[in-house]
Structures are given as C-alpha cells and as structure tokens.
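Please read the structure below before turning to the comments.
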Amino acid sequence: MLKTVLLQLGASLVATAIAAVFFGPRGAISAAYGGLACTVPSWIFALRLGVMARRQLATVTGFVVGEFIKIASIVGLLVLFPVLYPEVHWGALLIGLILALKANLFAFLVRN
Numbered sequence: 095m096l097k098t099v100l101l102q103l104g105a106s107l108v109a110t111a112i113a114a115v116f117f118g119p120r121g122a123i124s125a126a127y128g129g130l131a132c133t134v135p136s137w138i139f140a141l142r143l144g145v146m147a148r149r150q151l152a153t154v155t156g157f158v159v160g161e162f163i164k165i166a167s168i169v170g171l172l173v174l175f176p177v178l179y180p181e182v183h184w185g186a187l188l189i190g191l192i193l194a195l196k197a198n199l200f201a202f203l204v205r206n
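Counting from 95, one number per residue, gives the positions in the sequence shown under the working numbering.
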C-alpha cells in the first residue's frame, strides 16, 4: 500500500514539474497542492490499514469508514485551497490531482 502512495507522490512531483514549465510558479504551487491533496490522505489511510492489520483489527467496516474519511479529507482539502491561495491555477491543480489519482493504476505494475 505504501508503494502506491510513493507512486502518487512521484506523479505529484512530475505534475508539479510539468506545471512549472507551462504555467510558472503559480501553476507549480497549484499542481503540487492538487497532488498532495490526494497523496497525504492516502498515506494516512495506508498507515491506518497497516496498524489495523498488525493488530488483527482489520474489518470491512473499518476499511469502508477509512475510505470515506479519506475521500472526505480530499474534498475538504480541495475546497480549502482556494481560500488559502486565491491565485490558484485550476488547470494545474486538476493536472496534479488527476495524475496523483491515476498513479494507482500503475501500482499493479510494480512488483511487491
């Protein structure tokens, strides 16, 4: 699970570099935030799942609740960003978010 988070982090860095080239510093900040808005809740969710598995507490209900909290925090972070950074570049933010979300597809290609 942590390899998936590392792939998301790598995709966020790639998105930040691409946005910096095409949109400048404002785009780089927006793309980095878009990627991290997805990566940080996923990392916390992966840590929580690891702790639950080690303690033999893993249940379907715990997984679903954790996934709901992860999605709610992603949405909350995305809503909070324009308030904190009014000069957001929406195209770059979407590039960062989409690349971080699609990095999960490549997790199946990485061997454990």
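Beta carbons are placed, not taken as given, at the ideal position from N, Cα and C, and that holds for glycine.
- Here residue 189 is not near residue 132, since their CB atoms are 9 Å or more apart.
- Contact between residue 124 and residue 187 holds, with the beta-carbon distance rounding to 4 Å and staying under 8 Å.
- When DSSP states are grouped into helix, strand and coil, residue 110 belongs to the helix group.
- Counting along the chain, no alpha helix (DSSP H) covers residue 182, and no H or E run does either.
- Contact between the stretch 172-182 and the stretch 147-157 is absent, with fewer than three C-beta pairs closer than 8 Å.
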